[in-house]
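A.B. asks: Using this note's numbering, you'd call the opening residue of the sequence shown number 156 and step up by one each time. No residue lacks a Cβ here, since even glycine has one placed at the ideal position from N, Cα and C.
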Amino acid sequence: MIKLTNPLTGELFTVAERDFDNTLTWNQAVTHCRNMGENWRLPLIEELNAMYDNMDEIGGFKDERYWSFTESVDSSALVCSFSRNKKNKASAEFLGCHKSIDLHVRAVRTFSILEKAAMEEQDRIQDQAIRTSDWEREKLDREEEASRIAHERKMEEIERREQIEKEKKMQLEREAQRKSQSEKALKESKFHRGRAEAFITLEQFGAAVDELKLALDLNPNDATICFKLGDIQMKISDFEGAVESFTLGLQCNPDATEVFPKLLEAEKLAKKQQDIEREQANRDSEKRKEKLRIEFKKARQAKIEREKFIENQKIIDKLESEFAEQQKMNAINQEKEAIEQAKRDKIADLEGQVQQLSKQIEENPLNVDLYFERAHLLSKLKRPQESLNDYSMIVKLDPNSTKALIYKAHVYCKIKEYHNAILEYQSALNIISTDASVWEMLAQAYFNVGDHPGEVDAYENAFLANPAETKYLVKKSDLCFAYGFYDMAITDYSRTIVLLGKSAEVYYKLGKCELALQNEDKALAYFYEALVYDHNGIIEFKLMGEEKKTPVVSRLFKESRNTLKVYFTWNYKKEEIGPITWNDVFEERLNTHLAGLGANFVVYRKSNGVNSRIDSSAFDKLMNKMLLEVSRDKYKYYELKEVFRSRYV
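Rendered as structure tokens:
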């Protein structure tokens with residue numbers, strides 16, 4: 156008899172010698188397995204996986220799919236394919252199939268306590284027999300161990316040498332690839348430079364500038380291109396661009412002293428051009444001001460004329476408003492310009508850092524930290540594609556870098572490519588499946604693409620990864636409730652009650668789920684439980700809002716009131732209801748359910764024309780006594796007195 160272990164619970168179980176004769180649906184499979192006797196049942200998907208790994212030792216399996224007890228959604232369950240042409244763990248197929256399909260079934264049985272004890276005793280006897288014979292083999296084992304260690308050391312030395320040779324070969328290949336890329340860039344740069352020369356010959360200087368910029372992008376360290384670009388920009392009066400090109404060229408080639416006069420001339424012309432523009436702007440401003448002064452003067456003169464007093468006043472007001480608006484707009488524009496300049500300075504600083512990191516990466520192409528820093532800066536500069544390229548390079552250098560995979564997924568989320576983000580999160584989780592925060596981010600990505608089952612499954616995995624963080628289970632439960640997966644919602648809300656304690660809100664949602672599944676009796680029972688734990692009256696308020704449109708809720712309140720009414724009808728004659736006091740009600744030791752609904756007695760007395768006014772001091776005493784009686788039944792109506800006072804007194 157082969158003993159297997161459940162990988163999740165650690166329980167031992169055994170497998171039936173053969174399948175059932177016929178294929179069965181999922182519900183039939185569950186019933187047939189239970190009918191085999193005590194502890195016999197349909198295996199979980201984890202147990203099927205263990206059976207798959209040991210299928211040759213167990214024997215009797217067919218190359219077909221087998222049912223598991225694990226459900227995927229309300230109408231489907233997981234199955235495992237036992238195909239022998241894919242006999243390895245990585246290719247085991249786990250699929251979701253509809254429960255109405257006929258598949259093969261192999262039952263399993265969990266060992267009882269006595270069977271476990273007997274097996275442990277048998278194992279202990281076998282271990283003792285093995286230990287008695289171990290001392291005879293110690294000498295041979297030592298000799299074999301020494302020989303094995305010597306052989307292993309020799310093999311390790313051979314492997315180490317082979318690894319060194321392999322690394323050298325890989326380094327040479329990388330150098331060759333880098334050299335090939337550099338040569339290709341130089342070739343393309345030379346091509347664009349040649350086109351620029353042709354455009355210069357045709358005196359198409361704008362097109363020549365564009366070609367030279369393309370050549371400079373491919374070969375940024377070529378000072379000759381920078382100088383050529385500066386000369387052409389001087390011809391088209393782009394003096395600021397010429398200053399930038401000459402400066403960049405001198406950074407690449409500081410020994411080009413013949414360029415310094417050109418740079419000085421370009422700076423002088425650029426400054427002169429700026430001064431001209433500034434003077435022109437000042438002249439325009441003075442003209443506008445002079446125009447405004449003239450208009451104000453005309454307005455003041457026109458004001459003297461009585462017949463045009465009102466019209467002139469409107470003109471003055473309008474001009475003053477325009478002037479104030481202009482001043483305001485000038486202030487706003489200055490502020491915007493200052494903000495934009497600060498942004499440009501920040502971007503320039505970040506660009507400088509990116510260029511510096513790029514140079515460091517060229518010197519150390521295998522330094523993963525440099526790629527991380529540059530990717531972070533590129534993300535700040537809103538260059539997501541380049542940032543993604545760096546993260547991809549990190550993953551290429553270090554396939555187990557979950558940090559790079561997660562950051563790459565973040566970038567995809569920022570540019571709203573959520574499907575790619577999902578793939579990256581899944582890649583990270585294949586490495587670290589126990590990180591609950593990554594599962595939570597994956598759930599958010601599923602939400603953004605509208606994949607509700609994927610979102611629910613991600614929160615389930617987040618909870619399995621960190622069971623102490625119950626917020627994932629609560630979130631999953633609420634999602635199942637919101638998306639209409641009511642069977643799953645009922646299961647998860649039940650788990651929530653076990654982990655977090657009884658809650659009126661959870662019982663209310665359980666009732667809503669059962670109501671959606673048309674299980675009215677279960678829904679009614681859960682609504683009763685919700686009212687019992689409803690200390691703040693929130694659930695009662697919700698149910699009262701649904702009373703008219705939901706028959707089950709109407710039945711709930713009707714049965715509650717009828718129960719109380721029947722109680723008083725049995726214990727007192729109708730004509731004797733008038734003298735009944737609150738003290739009489741609670742001295743009769745009502746059960747907890749009737750005590751929770753005691754306020755309805757006031758309504759009942761009013762409906763029969765009986766004066767129900769109660770003295771405040773007497774009411775306080777009686778309510779305190781009622782609370783004491785209820786507390787003996789371990790119900791916490793700590794706010795019941797104030798609720799009764801505010802609603803019914």
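Does DSSP classify residue 307 as helix, strand or coil?
C.D. replies: Residue 307: helix per DSSP, three-state reduction.
A.B. asks: Report yes or no: do the segment 256–270 and the segment 221–241 share at least 3 C-beta pairs separated by less than 8 Å?
C.D. replies: The answer is yes - the segment 221–241 touches the segment 256–270, with three or more Cβ pairs under 8 Å.
A.B. asks: Can you tell which of 596, 598, 588 and 604 has its C-alpha closest to the C-alpha of residue 572?
C.D. replies: Taking only the C-alpha atoms, the option nearest residue 572 is 604.
A.B. asks: With DSSP run on the structure shown, which of helix, strand or coil describes residue 165?
C.D. replies: Coil, per DSSP.
A.B. asks: Quick check for students: name the residue ranges of the alpha helix (DSSP H) that lie wholly in the segment 330–387, counting only runs of 4 or more.
C.D. replies: The qualifying runs are 360–373.
A.B. asks: Out of curiosity, what's the CA-to-CA distance linking residue 616 and residue 631?
C.D. replies: Cα to Cα, the separation comes out at about 10 Å.
A.B. asks: Using 8 Å as the threshold, is the segment 461–478 in touch with the segment 492–512, meaning 3 or more CB pairs across them?
C.D. replies: The segment 461–478, when compared against the segment 492–512, does not touch it at the 8 Å Cβ threshold.
A.B. asks: So residue 159 is in the beta strand (DSSP E); what residue range does that whole segment cover?
C.D. replies: Element bounds for residue 159: 158–160.
A.B. asks: What residue from 679, 686 and 684 has the CA that sits closest to residue 708's CA?
C.D. replies: Checked all of 679, 686 and 684; the closest Cα to residue 708 is 679.
A.B. asks: Go through its chain and collect everything with a Cβ distance to residue 512's Cβ below 6 Å, but skip five positions before and after it.
C.D. replies: Result list for residue 512: 525, 528 and 529, in chain order.
A.B. asks: Would you give the residue range spanned by the alpha helix (DSSP H) that residue 448 belongs to?
C.D. replies: Start and end: 415–459.
A.B. asks: If distances are taken between C-alpha atoms only, which option among 395, 445 and 348 comes closest to residue 379?
C.D. replies: Nearest option by C-alpha distance: 348.
A.B. asks: What number of angstroms, rounded off, separates the C-alpha of residue 563 from the C-alpha of residue 374?
C.D. replies: Distance between the alpha carbons of residue 563 and residue 374: 29 Å.
A.B. asks: Going straight from the alpha carbon of residue 584 to that of residue 590, what length do you get?
C.D. replies: Distance between the alpha carbons of residue 584 and residue 590: 8 Å.
A.B. asks: Do residue 640 and residue 228 have their CB atoms nearer than 8 Å?
C.D. replies: It is a contact, given that the beta carbons lie within the stated cut-off.
A.B. asks: In whole angstroms, what is the alpha-carbon distance linking residue 767 and residue 254?
C.D. replies: In this predicted model, residue 767 has a pLDDT of only 43, less than 50, meaning its place in the structure is not dependable; the value taken from the coordinates is given anyway. Cα to Cα, the separation comes out at about 60 Å.
A.B. asks: Under the three-state reduction of DSSP, which class applies to residue 232: helix, strand or coil?
C.D. replies: It is a strand residue.
A.B. asks: Looking only at its chain, what residues have a beta carbon closer than 7 Å to the beta carbon of residue 414, apart from the 5 residues adjacent to it on each side?
C.D. replies: Result list for residue 414: 382, 401, 404 and 405, in chain order.
A.B. asks: Is it the case that the Cβ atoms of residue 467 and residue 454 are separated by a distance below 8 Å?
C.D. replies: Contact: yes.
A.B. asks: Indicate whether residue 235 and residue 216 have their beta-carbon atoms separated by less than 8 Å.
C.D. replies: Cβ distance not < 8 Å, so residue 235 and residue 216 don't count as in contact.
A.B. asks: Determine the DSSP secondary structure at residue 261, reduced to helix, strand or coil.
C.D. replies: Correct three-state label for residue 261: coil.
A.B. asks: In three-state DSSP terms, what is residue 192?
C.D. replies: Reduced to three states, the DSSP call for residue 192 is coil.
A.B. asks: In its own chain, which residues sit with a C-beta less than 7 Å from the C-beta of residue 574, not counting the 5 before and 5 after it?
C.D. replies: For residue 574, where only same-chain residues beyond five positions count, the Cβ hits under 7 Å are 604.
A.B. asks: Start and end of the alpha helix (DSSP H) containing residue 202?
C.D. replies: It spans 200–208 - the alpha helix (DSSP H) in which residue 202 sits, taken as one unbroken run.
A.B. asks: Quick one: is residue 445 buried, meaning 16 or more other Cβ sit within 10 Å of its Cβ, or exposed?
C.D. replies: Exposed, by the Cβ-count rule.
A.B. asks: Under 8 Å, with one C-beta from each stretch per pair, do the segment 388–397 and the segment 357–364 reach the 3-pair mark?
C.D. replies: With a cut-off of 8 Å, the segment 357–364 and the segment 388–397 count as touching, because enough Cβ pairs lie within range.
A.B. asks: If you measure between the beta carbons of residue 458 and residue 464, is that distance less than 8 Å?
C.D. replies: Against a cut-off of 8 Å, the Cβ pair of residue 464 and residue 458 comes out as a contact.
A.B. asks: Using 10 angstroms around the beta-carbon of residue 160, count the other beta-carbons present and answer buried if the total reaches 16, otherwise exposed.
C.D. replies: Residue 160 is exposed by the Cβ-count criterion.
A.B. asks: Please classify residue 220: does DSSP put it in a helix, a strand, or coil?
C.D. replies: Reduced to three states, the DSSP call for residue 220 is strand.
A.B. asks: Below 7 Å CB to CB, which residues in the same chain sit around residue 560 once its five sequence neighbours on both sides are set aside?
C.D. replies: Answer for residue 560: 550, 579, 582 and 583, listed in chain order.
A.B. asks: Is DSSP giving residue 173 helix, strand or coil here?
C.D. replies: In this structure, residue 173 counts as coil in the three-state DSSP scheme.
A.B. asks: Can you give me the start and stop residues for the alpha helix (DSSP H) that residue 495 sits inside?
C.D. replies: Run containing residue 495: 464–518, per the alpha helix (DSSP H) assignment.
A.B. asks: Taking Cβ positions, are residue 338 and residue 350 nearer each other than 8 Å?
C.D. replies: Going by C-beta atoms, residue 338 is not nearer than 8 Å to residue 350.
A.B. asks: Between the segment 172–181 and the segment 282–293, do at least 3 Cβ pairs fall closer than 8 Å?
C.D. replies: Not touching, per the Cβ criterion.
A.B. asks: Should residue 649 and residue 688 be called a contact, given that it needs their Cβ atoms to be closer than 8 Å?
C.D. replies: Their beta carbons are not under 8 Å apart, which means residue 649 does not touch residue 688 by this criterion.
A.B. asks: CA-CA distance, residue 636 and residue 201?
C.D. replies: Approximately 27 Å, taken between the alpha carbons.
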